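Peer 1: Chains as they are written, first to last, in the working numbering: chain A, 40 to 546; chain B, 56 to 359.
Note that CB positions come from ideal geometry on N, CA and C, so glycine has one too.
As the structure is a prediction and not an experimental result, all values here were calculated from the model.
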Amino acid sequence: MSTEHVTAKASHDPHAGLSAKGLKAGSVGLIGAVVIGVSCIAPAYTLTAALGPTVAEVGVQLPAIFLVGFIPMLLVAFGYRELNNAMPDAGTSFTWASRAFGPWIGWMGGWGLIAATIIVLSNLAAVAVDFFYLMLAQLSGNPELADLTLNLPLNIATTLVFIALACWISYRGMETTKGVQYVLVAFQLLVLGWFAVAAFSHVANGTAFDATAITPEWFNPFAVESFSAFAAGVSLSIFIYWGWDVTLTMNEETRNPEKTPGRAATVTVLVIVVIYMTVALATLAYAGIGQEGLGAGNPENQGSIFAVLAGPVMGPFAILMSLAILSSSAASLQSTFVSPARTLLAMGHYKALPTQFGKISPTFKSPSYATIAAAIAAAGFYVITRTTSENALWDTITALGMMICFYYGITALACVWFFRAEAFSGARAFFFKFLSPLLGGVILLVMFFKTAYDSMDPAYGSGSSVGGIGLVFVLGMGVILLGVVLMLVMYKIRPEFFKGKVLPRGY
Amino acid sequence: MRYVVGYSANARGHDAVNLAVALARGRGASLDLVLVVPEVQQFGAAHAPKAGFETLLNEQARDWLDEALALVPADVPAEAHIRNGDSDAQALIEAAEELGADVLVIGATSTGLFKRFTIGSVASSLLHASTVPVALAPHGYHRMEALTRISCGLGTRAGAEKLLDFAVGMAANRKVPLRVVSLLALDGGKSADAAEAAREYAEKALAAASPVDPSGVQLAAKTDVAVAQGRSIEEAVDDLDWEDGEVLVIGSSRLAQARSIFLGSTANRILRALPVPMLVVPSGYELKHHNHSTSNDTSGEAPQ
Numbered sequence: 040m041s042t043e044h045v046t047a048k049a050s051h052d053p054h055a056g057l058s059a060k061g062l063k064a065g066s067v068g069l070i071g072a073v074v075i076g077v078s079c080i081a082p083a084y085t086l087t088a089a090l091g092p093t094v095a096e097v098g099v100q101l102p103a104i105f106l107v108g109f110i111p112m113l114l115v116a117f118g119y120r121e122l123n124n125a126m127p128d129a130g131t132s133f134t135w136a137s138r139a140f141g142p143w144i145g146w147m148g149g150w151g152l153i154a155a156t157i158i159v160l161s162n163l164a165a166v167a168v169d170f171f172y173l174m175l176a177q178l179s180g181n182p183e184l185a186d187l188t189l190n191l192p193l194n195i196a197t198t199l200v201f202i203a204l205a206c207w208i209s210y211r212g213m214e215t216t217k218g219v220q221y222v223l224v225a226f227q228l229l230v231l232g233w234f235a236v237a238a239f240s241h242v243a244n245g246t247a248f249d250a251t252a253i254t255p256e257w258f259n260p261f262a263v264e265s266f267s268a269f270a271a272g273v274s275l276s277i278f279i280y281w282g283w284d285v286t287l288t289m290n291e292e293t294r295n296p297e298k299t300p301g302r303a304a305t306v307t308v309l310v311i312v313v314i315y316m317t318v319a320l321a322t323l324a325y326a327g328i329g330q331e332g333l334g335a336g337n338p339e340n341q342g343s344i345f346a347v348l349a350g351p352v353m354g355p356f357a358i359l360m361s362l363a364i365l366s367s368s369a370a371s372l373q374s375t376f377v378s379p380a381r382t383l384l385a386m387g388h389y390k391a392l393p394t395q396f397g398k399i400s401p402t403f404k405s406p407s408y409a410t411i412a413a414a415i416a417a418a419g420f421y422v423i424t425r426t427t428s429e430n431a432l433w434d435t436i437t438a439l440g441m442m443i444c445f446y447y448g449i450t451a452l453a454c455v456w457f458f459r460a461e462a463f464s465g466a467r468a469f470f471f472k473f474l475s476p477l478l479g480g481v482i483l484l485v486m487f488f489k490t491a492y493d494s495m496d497p498a499y500g501s502g503s504s505v506g507g508i509g510l511v512f513v514l515g516m517g518v519i520l521l522g523v524v525l526m527l528v529m530y531k532i533r534p535e536f537f538k539g540k541v542l543p544r545g546y
Numbered sequence: 056m057r058y059v060v061g062y063s064a065n066a067r068g069h070d071a072v073n074l075a076v077a078l079a080r081g082r083g084a085s086l087d088l089v090l091v092v093p094e095v096q097q098f099g100a101a102h103a104p105k106a107g108f109e110t111l112l113n114e115q116a117r118d119w120l121d122e123a124l125a126l127v128p129a130d131v132p133a134e135a136h137i138r139n140g141d142s143d144a145q146a147l148i149e150a151a152e153e154l155g156a157d158v159l160v161i162g163a164t165s166t167g168l169f170k171r172f173t174i175g176s177v178a179s180s181l182l183h184a185s186t187v188p189v190a191l192a193p194h195g196y197h198r199m200e201a202l203t204r205i206s207c208g209l210g211t212r213a214g215a216e217k218l219l220d221f222a223v224g225m226a227a228n229r230k231v232p233l234r235v236v237s238l239l240a241l242d243g244g245k246s247a248d249a250a251e252a253a254r255e256y257a258e259k260a261l262a263a264a265s266p267v268d269p270s271g272v273q274l275a276a277k278t279d280v281a282v283a284q285g286r287s288i289e290e291a292v293d294d295l296d297w298e299d300g301e302v303l304v305i306g307s308s309r310l311a312q313a314r315s316i317f318l319g320s321t322a323n324r325i326l327r328a329l330p331v332p333m334l335v336v337p338s339g340y341e342l343k344h345h346n347h348s349t350s351n352d353t354s355g356e357a358p359q
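1) For A/K298, does the count of other Cβ atoms within 10 angstroms reach 16, so buried, or fall short, so exposed?
2) Nearest-angstrom Cα distance between A/V312 and A/L106?
3) Determine the chain A residues that contact B/P93 at a beta-carbon separation under 8 Å, and present them in chain order.
4) Go ahead and pull the three-state DSSP assignment for B/D141.
5) Can you tell me where the alpha helix (DSSP H) holding A/I277 begins and where it ends?
6) Suppose you measure from the CA of B/A361 to the CA of A/S209; what does that come to, to the nearest Å?
7) Let me check understanding here. Comparing Cα to Cα, which of A/I519, A/I144, A/S464 lies closest to A/A491?
8) In chain A, which residues lie less than 9 Å from B/A106 when you measure between Cβ atoms?
9) What are the residues of the segment 74-87 of chain A that lie near chain B, defined by any Cβ-Cβ distance shorter than 7 Å?
10) Who pairs with B/Y58 in a beta bridge, going by DSSP?
11) Please report the residue range of the beta strand (DSSP E) in which A/R211 lies.
12) So is A/T196 buried or exposed if we call it buried at 16+ other beta carbons inside 10 Å?
13) In the structure shown, what three-state DSSP assignment does A/L520 receive?
14) What does the Cβ neighbour count give for A/A225, buried or exposed, with the cut at 16 atoms within 10 Å?
15) Near A/I399, what residues of its chain come up, given a Cβ to Cβ distance below 8 Å and the 5 sequence neighbours on each side ignored?
16) Taking Cβ-Cβ distances shorter than 9 Å, what residues in chain B pair up with A/K472?
17) Tell me the residue span of the beta strand (DSSP E) that contains B/I305.
18) Beta carbon of B/M225, beta carbon of B/V304: below 8 Å?
19) Write down the C-beta distance between A/G91 and A/I344 rounded to the nearest angstrom, noting that I regard them as a contact closer than 8 Å.
20) Look at B/L219 and B/A260 and say whether their C-beta atoms are less than 8 Å apart.
21) Taking 7 Å as the limit between beta carbons, can you name the residues of its chain near A/Y172, skipping five residues before and five after?
22) In terms of DSSP beta bridges, what is B/H136 paired with?
23) Check for me: the beta strand (DSSP E) holding B/V336 runs from which residue to which?
24) For B/I205, write down the residues that DSSP places opposite it in a beta bridge.
25) If I measure Cβ to Cβ from A/V318 and keep anything under 7 Å in the same chain, skipping five residues before and after, which residues do I get?
26) Output yes or no for whether 8 Å exceeds the beta carbon distance between A/G149 and A/F133.
27) B/Q145 versus chain A: which residues are under 8 Å apart at the beta carbon?
28) Going by Cα to Cα distance, which pick from A/E535, A/D249, A/V377, A/Q177 is closest to A/G354?
29) Is the beta carbon of A/Y315 closer than 8 Å to that of A/A238?
30) Kindly list the residues whose CB is nearer than 7 Å to the CB of A/G539, restricted to its own chain and excluding five residues on each side of it in sequence; keep chain order.
31) Contact between the segment 362-380 of chain A and the segment 526-540 of chain A is defined here as three or more beta-carbon pairs at a separation below 8 Å; is this criterion met?
32) Under 7 Å between beta-carbons, which chain A residues line up against B/S142? List them in chain order, please.
33) Does the beta-carbon of B/Y62 have 16 or more other beta-carbons within 10 angstroms, so that it is buried, or is it exposed?
34) Where in the segment 477-530 of chain A do unbroken runs of the alpha helix (DSSP H), each at least 4 residues long, occur, reported from the N-terminal end onward?
35) Which two residues bound the contiguous beta strand (DSSP E) that contains A/Q100?
36) Taking all protein chains shown into account, decide if B/E301 is buried (16 or more other Cβ within 10 angstroms of its Cβ) or exposed.
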């Protein structure tokens, strides 16, 4: 080695490498941060996927549950922000839970995060496929095309193609650009607003399917019939706010790290709550919660409510709804791939998974192996659910709500435990590092256990069952059990991580 | 003399390092290995904060660059740099300009599905936008010894003298023979006339470009003119014999002439058939460099 090499090595230490890049091109302002927040939530997609199942649980108290569901999300997000500031890491929940509780719980926390994102990937792809065929039907004026999505082999094949495409895009390291995100978000909000206005004018003109008068009772969470329904409703509404926490974690990339993240999070949640309330009220006022026809309580409509309602409500402009949901779920499908891939990458990096998962593609600089593994898992999950469930979309969303409660619950408690020494060092620390995450974590884990217990009932969710046990339970618990098995296998073949040598507790 | 090497930790990156070493030896140039790491964006990534991933990516990039530096033999000075940018080509051009590079060296092959038939997207964007000469290493280039001959692909378009100046300087500085080649894609009868015309033109251009200083006189004895023809550019390239240690110097205006906007596709066709590296000189480069070299005559490939 010549001396030049030695100096050369010194010249690419982290600071030299990073200082060379100068001003960040990607720094975001308030509007940019709000767009990121809204696009992570993808309201057009979450509403079509979650509105039906939530109505099935809580009926007209839908607005109340949507509001209440935000509280645990907010409490947990505070803890998430503290952890992200203290230990920014690609493994997020996995790394934080390992640092707080040690390798075993950490591994399961990571598994919960991966499972949740894998499940949402399969659901996103399926929703995109439904609206793809619906849009073809609307474009060609041939309604039969929309029914192609009911053809099982064709549906599975198309969904797998969508997953493969999104995987390929992620593998190539391509990301949806800022401009595209702005357009997608604006378009989603516009179309959802249009839907609500059209629904209310049907109600006013007396042409609504089942005009239902809005009452204050709709906003009373205590009017929900049972605690079971309440728990199920809350775990579903966690799903509709999932992704909001990202606005709180944006620090260095914002133009004003002191103020922008907090403001962006507030504006995002205001935008989201307004749009959710408007659309929820519009849907209930127009369609009611009846079990027949267009009723929001009709099990036939639960999987994807806008696929059924957009036509009657928006008339010929229903195609805009299809386009909004297709584009937002396709964009989400691609951007969500990043999450399990990076978590798997971090787990590979920390020796909690086989080495290949830690591989970064030299050509595309993306987590190559992890991305493909995530795609295969999402495809596998979809095929299993689709072939065993009477209403795959409904059941996956319910299982997903459960899984989010599981890993967010662990993450929140990890925050409490990790910062236990400083919990009482001041009012701010007490509130953000102790009280909020403790309350949020406990609420979510209670929701998780309650939903898990209730879902053993074969009538739960869409009413699909395996061997007399509810399918949602089988799916949710099956995924967690699979995690336990894989964790034990990993312990056998790569024990380093589990001996606490790679990610020791504490800082 | 500094050569910037666009490095990636794959076969393409290795091709580039090998070619850069070959170019640097015999010229005493130093290498700057540049690895472009994409900007991790918050747009388009749900449920995944970017900070941690960026750290992993930069750690990996440093490991890759350590491996890359180990590939460079001890007699060639080399430094490594990480650059952040969304476009590899853009980041490399910026690095080359900032570091005052004389040549930008990259592996040309695509890593995509149709590897054997296309040049990489980075290479083709560089061919459209680079302000410094770009050296393209062919797939599997493994030679690291100094060059043994320079070939200069010559057309009949104005500005060819400038390109020839560049090639003459390159050969003189390295004390290796120069060969001037004309690649003719012809069909049928007129080929003999055209070949003769091409030869005449090349010889005239060469006489005009040959400098009067001592190294140039010495060079004249070693200069050779060859005309290659075939029904296609590929056949014309096959028609010539190529030494292992040879490089084909070609002007981008020469390529642009054939199909002005499909620069990449012509370069691609030559490159596909060409068994040796190709050095593409931007059309405005010679002139700029001449002005430059009057004030700083120790650098650059132009004759001194």
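Peer 2: Let me lay it out:
1) Exposed: under 16 other Cβ atoms inside 10 Å.
2) Rounded to the nearest angstrom, the gap between the Cα atoms of A/V312 and A/L106 is 8 Å.
3) Within 8 Å Cβ-Cβ: G212, K404.
4) B/D141: coil per DSSP, three-state reduction.
5) 266-280 is the extent of the alpha helix (DSSP H) around A/I277.
6) Any question about residue 361 of chain B goes unanswered here, given that chain B covers just 56 to 359.
7) Comparing Cα positions, the closest option is A/I519.
8) Going along chain A in sequence order, the residues near B/A106 (Cβ under 9 Å) are N123, P127, D128, A129, T288, N290, E291, E292.
9) If the cut-off is 7 Å between Cβ atoms, the segment 74-87 of chain A has I75, C79 near chain B.
10) Beta-bridge pairing links B/Y58 to B/L86, B/V158.
11) Per DSSP, A/R211 lies in no beta strand (DSSP E) segment and is marked neither H nor E.
12) The residue asked about is misnamed: residue 196 of chain A is Ala in this sequence, not Thr. Exposed is the call here.
13) Of the three classes helix, strand and coil, the one that applies to A/L520 here is helix, per DSSP.
14) Under this definition A/A225 is an exposed residue.
15) These residues qualify, in order along the chain: L384, S405, P406, S407.
16) Listed by position along chain B, the residues whose Cβ is nearer than 9 Å to that of A/K472 form an empty set, because the closest Cβ is around 18 Å away.
17) It spans 301-306 - the beta strand (DSSP E) in which B/I305 sits, taken as one unbroken run.
18) Taking 8 Å as the Cβ cut-off, B/M225 and B/V304 qualify as a contacting pair.
19) With 8 Å as the limit, A/G91 and A/I344 qualify as a contact, their Cβ atoms being about 5 Å apart.
20) The answer is yes: Cβ separation under 8 Å.
21) L184, A185, L187, T188, listed in sequence order.
22) Beta-bridge pairing links B/H136 to B/V89.
23) B/V336: member of the beta strand (DSSP E) spanning 333-336, first to last residue.
24) Paired residues: B/L233, B/V302.
25) In chain order, L86, L231, F234, A235 place their CB closer than 7 Å to the CB of A/V318, counting only its own chain and leaving out the 5 sequence neighbours on each side.
26) The answer is yes: Cβ separation under 8 Å.
27) Within chain A, no residue has its beta carbon less than 8 Å from that of B/Q145; the closest one is some 11 Å off.
28) Selected option, being the one with the closest Cα: A/Q177.
29) Taking C-beta atoms as the reference points, A/A238 and A/Y315 fail to come closer than 8 Å.
30) Within the same chain, A/G539 has close Cβ partners G141, P142.
31) The segment 362-380 of chain A vs the segment 526-540 of chain A: no contact.
32) Going along chain A, no residue has its Cβ under 7 Å from B/S142, so there is no contact; the nearest lies around 11 Å.
33) The residue in question, B/Y62, is buried, as its Cβ has 16 or more Cβ neighbours within 10 Å.
34) List check, alpha helix (DSSP H) in window: nothing returned.
35) No beta strand (DSSP E) contains A/Q100, which DSSP labels as neither H nor E.
36) Answer is buried; the Cβ neighbour count reaches 16.
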